[in-house]
Amino acid sequence: MKQKITVIGAGVGGLTAALKLQAHGYDVTILEKNHHVGGKMNQLKVDGYRFDMGPTIVMMPDVYRQPFVETGADPTDYFTMQRVDPFMTVQIDDERYPISNDLVQLTKLFETSSDADMAGFLNYLADIYRKYLNAKDNFIDRSFRSPRDFFNLKTLKQAFQLKTFSSSYHDMQKFIPNQHLQYLLSFQTLYIGISPFSGPSIYNIIPMIELLYGVWFIDGGMYQYAKALERRFTELGGTIELGHPVEKIVTEQDQVVGVRVQGSVRSTDAVVVNADYPYAVETLLSQDAQRREHVSPQRVNQKLQYSMSCLLLYLGVDRKYQQLGLHTIKMASDFKRNLSEIETGVLPSDPSYYLYNPSALDDSFAPAGCSSLYVLVPVANLRHQHLTEAEAQTYAQQVIQQAEQDFALTDLANHVQVQRVFTPTDFAELYNSKYGTAFGLKPTLRQSNYFRPHNKARRIQGLYFAGASTHPGAGVPIVITSGELAAREVERDGSDD
Ligand SMILES: Cc1cc2nc3c(=O)[nH]c(=O)nc-3n(C[C@H](O)[C@H](O)[C@H](O)COP(=O)(O)OP(=O)(O)OC[C@H]3O[C@@H](n4cnc5c(N)ncnc54)[C@H](O)[C@@H]3O)c2cc1C
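Heads up, the sequence shown is in UniProt numbering, so the first residue is 1 and it goes up one at a time.
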């Protein structure tokens, strides 16, 4: 008989794990608390405007294609994408930098700054590329089960070669003297919710991947990808039950036997948890299971560290601003101070923020002549700061004024037809994201690789984890990998029987 697998959550991690298992002959059901698939890869539709609510920047396109190729499908039958060039404009003080993913164009930026910046950039790329190959093969694309998987001479040597003991910023600064160029190569760690001034240097692979492999746009927006995964999964016979929050994972001794939904227990052979790991172990596991897994609520609330969150504005605007491309970033003049404010729970006075304008490429996001804008401001998570509704609204107005000035968005406030504000509290309530983080557990050195929650539970049999707070970490391509690793662990146990 087919093994029955229950996946808790239809985020990217849950969908990719489910798809792989369904394609490999398991009988998979996804139970999702909300009424949409995709989790944080969500969309909002209001009065003719459409907004991607979460991820917007597509990097590592091959990883996006992988779940389709692996299950025997042509990805282009499910979603299409285009490379964006220049892929981003970054504004620092009064300087504006268009960032090209054509290496020849890009190097001009460094060469015109100084010979030292250019030589430093080339050395930086070579150094980080070597580390990337090491990280990819030995740490990202593989899961860890037992201490033996990590604490062996070969792996420890590979970990040591990553030389990841200093911060991303510190490591990159050694190569590149110009401060603006340093800023251009450092904000990308915010994509996984950690400051470049405190995050491990290995996360310099993010700007490297962005520059070398480019940034892409999924036609129709990011949400099309969640719909594509859903379509492929259901075509293969998988079941998704939306509006079905799981209340408990039911275990007997050290074995998963079922899940409790709407008060009744459904039996299952195994569970893949895609719901945020710290929330799930604190809320869905029984005390006995927590004890076996060594994950007490005290550990979840006091020992684990959490990534930052963000405040999001979705603005339906009744005009277009030609000066705004697809992705624009405004960096705070004092970026270091900006990040230390976030880490200590202070609402930034001079925030860095990100503007996404899909209407620059795709007319389907807004009525004719209008545009759908998304503004993301990194802010503290709920462990450090609670914004009231009124505070969030006031701050949102300040950010709109700031963007109006920074990018000459003439009369923006008066052109806003639709406005929605999304806060850390919304992340906690809508997605069960612990402390309302946008990116899950913080990827510190002590919460990365072997030290991040594994894709297979330590002691409970039939329990697996996929998603941003688990190995290998946050960001859509990395979460896709986590879904694949969790599925691989299920299959490995199946074949061990
Ligand atoms: C604002 C924002 C911008 C981002 N930008 C980018 C970007 O540009 N590029 C990029 O690559 N990444 C980006 N990311 C990161 C990326 O979106 C996430 O890392 C990824 O989508 C997380 O997927 P996940 O599967 O781990 O979790 P989630 O998306 O959180 O999915 C978990 C699912 O579990 C469900 N769930 C929770 N509890 C239960 C329960 N009890 N029962 C049933 N279901 C439950 C939730 O409803 C949710 O659907 C961004 C994230 C945010 C928030």
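In this text, a Cβ means the ideal position worked out from N, Cα and C, and glycines have one as well.
| Item | Value |
| --- | --- |
| Is the beta carbon of arginine 145 less than 9 Å from the beta carbon of lysine 456? | yes |
| Could you pull out every residue in the same chain whose Cβ sits closer than 6 Å to the Cβ of phenylalanine 79, ignoring the five residues on either side in sequence? | Ile218, Gln224, Tyr225 and Ala228 |
| Alpha carbon to alpha carbon, what distance is there between alanine 116 and asparagine 42? | 43 Å |
| Excluding the 5 residues flanking tyrosine 132 on each side, which residues of the same chain have their C-beta closer than 8 Å to its C-beta? | Ile205, Met208 and Ile209 |
| Could you pull out every unbroken beta strand (DSSP E) segment of at least 3 residues lying fully inside the segment 403-436, listed in chain order? | 416-422 |
| Please say whether lysine 45 and proline 55 have beta carbons closer to each other than 9 Å? | no |
| Just tell me which of Val215, Pro477, Asn338 and Ile176 has its CA closest to the CA of aspartate 102. | Val215 |
| In the DSSP assignment, what residue or residues form a beta bridge with residue 522? | What the structure shows of the chain is the stretch from 1 to 497, and residue 522 is not part of that stretch, so it cannot be assessed. |
| Can you name, in chain order, every residue of its own chain whose Cβ lies under 6 Å from the Cβ of tyrosine 169, other than the five neighbours on each side? | Ser186, Pro196 and Phe197 |
| Is valine 259 near leucine 19, with beta carbons less than 9 Å apart? | no |
| Please check the pair valine 272 and valine 490, which I expect to be a contact at CB under 8 Å, by giving their CB distance rounded to whole angstroms. | 7 Å |
| Taking 9 Å as the cut-off, decide whether the C-beta atoms of alanine 438 and glycine 221 are in contact. | no |
| Alpha carbon to alpha carbon, how far is glutamate 282 from valine 300? Give it in angstroms, no decimals. | 7 Å |
| Regarding serine 333 and ligand 1, is the C-beta to nearest heavy atom distance less than 8 Å? | no |
| Have a look at glycine 263 and isoleucine 400 and give me their C-alpha separation to the nearest angstrom. | 45 Å |
| For ligand 1, I want to know if asparagine 34 counts as a neighbour, meaning its beta carbon is within less than 8 Å of at least one of the ligand's heavy atoms. | yes |
| Using CA coordinates, which residue listed in Val261, Gln253 and Gly237 is at the minimum distance from valine 246? | Val261 |
| Within the same chain, show all residues whose beta-carbon is closer than 7 Å to that of residue 512, passing over the 5 residues directly before and after it, in chain order. | Residue 512 cannot be examined here, being either before or after the span of the chain that is shown, 1 to 497. |
| So for valine 28, helix, strand or coil by DSSP? | strand |
| What does a CB cutoff of less than 6 Å around glycine 325 pick up in its chain, not counting 5 residues either side in sequence? | Thr89 and Ala360 |
| Quick check: the segment 285-300 against the segment 322-341, are at least 3 beta-carbon pairs closer than 8 Å? | no |
| Short of 6 Å in beta carbon distance, which residues of its chain neighbour serine 166, apart from the five on each side in sequence? Order them along the chain. | Ser201 |
| Three-state secondary structure (DSSP) at histidine 327? | strand |
| Kindly give me the distance between the Cβ atoms of tyrosine 306 and arginine 383, rounded to whole angstroms, as I take these residues to be in contact under 8 Å. | 6 Å |
| With three or more C-beta pairs closer than 8 Å as the rule, is the segment 231-239 touching the segment 468-479? | no |
| Less than 8 Å separating the Cβ of tyrosine 279 from some heavy atom of ligand 1? | yes |
| My parser needs the beta strand (DSSP E) runs of 3 or more residues fully inside the segment 58-88; what are they? | 81-84 |
| Flag tyrosine 191 as yes when its Cβ comes closer than 8 Å to any non-hydrogen atom of ligand 1, and as no otherwise. | yes |
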